[in-house]
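Per the working numbering, the very first residue in the sequence shown carries number 33; after that it's consecutive.
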Amino acid sequence: MDGKLTALLTDLAEGRLSIAEAAAQIAPREESESGFDNLGFARVDVDRFERQGVPEVVYGEGKSSDEISSIVGALLQAEQSVFVTRVSDEKVRDIHPIYPQLKHNSRARCLSWRNPSWAKLGGRVALVAAGTSDLAVAEEARETLLFRGVDCETFFDVGVAGLHRLLAVLDEIKKNDVVICVAGMEGALSSVLGGLVAQPLISVPTSVGYGAALGGWAALTGMLTACSSGVSVVNIDNGFGAAMAALRILQLRERGA
């Protein structure tokens, strides 16, 4: 008997899979010429890696554990790497027994498995975070970069409240190809870095801060209206989005574009 089928039936017998989940993994699914796997509740884009260099990433919030498990199964069946963002510890407890190969970063709220045959992407990214309270967002960005096999150097707790901490590591930051800045409060670190480095700078406002920080809006508007020119800004708390922007830059660099 095929090894994958044996493992699937064992998971079913031992209660780690429901009958519906097992049936979804065994039964042939509708695939269009566009290259998606139709699960009924989701159309898994199994061709995205060929188009973009990164497979479809699963956003975990709003999905049940069963739905996430089925999507993960479809990706693995298509021999894709797997990355799930914004997944709670409770859902991980449901999913991990079914797919124990998935690595879990609780702070980043990510699950990942990287196909060993997947070549690493060249280039280096400096990940700079203003404060320790910003690390959940920074860790999401780091996990995204590591998923693609990108070397990532972290510089944490170097915010403008103690500017000497940033200046002490500035030369090391400049050795990287892309810089990601993660900052809450008023988001001033982004503007400071934008005036000090020549590398592409992608900034992430976080929801860290007291009342008038408005859940990240103060940092977002501060970054968008900063004097430093050419700084890209992603959505509040979107460490994943910043890392994906960095990956697009590195992919162009690797192709010599």
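Cβ atoms here follow ideal geometry from the backbone N, Cα and C, with glycine treated the same way.
| Asked | Found |
| --- | --- |
| Rounded straight-line distance, which links the Cα of L41 to that of I281 | 43 Å |
| Ordered list of beta strand (DSSP E) runs contained in the region 104-163, each at least 3 residues | 114-117, 135-137, 142-145, 156-161 |
| Whole runs of the alpha helix (DSSP H) within the region 202-255, excluding any shorter than 4 residues | 220-226 |
| Contact under 8 Å by Cβ, G248 with T238 | yes |
| Distance cut-off 7 Å: G163 Cβ against heavy atoms of the ligand MG | Of ligands this structure carries none, so the ligand MG is not represented either. |
| C-alpha distance - L233 paired with V263, whole-angstrom precision | 5 Å |
| Euclidean distance between Cα positions of G47 and F73 | 22 Å |
| S97 and K135 closer than 8 Å at C-beta | no |
| Close beta carbons around I300, own chain, < 8 Å, minus the five adjacent residues each side | Nothing can be reported for residue 300, as the shown portion of the chain is limited to 33 through 289. |
| Closest by C-alpha distance to T253, when choosing among G243, V265, N70 | V265 |
| Three-way DSSP call (helix, strand, coil) for E62 in this model | Residue placement at E62 cannot be trusted, given a pLDDT of 47 that sits under 50; what the coordinates show is reported in the next sentence. Three-state DSSP puts E62 in coil, outside helix and strand. |
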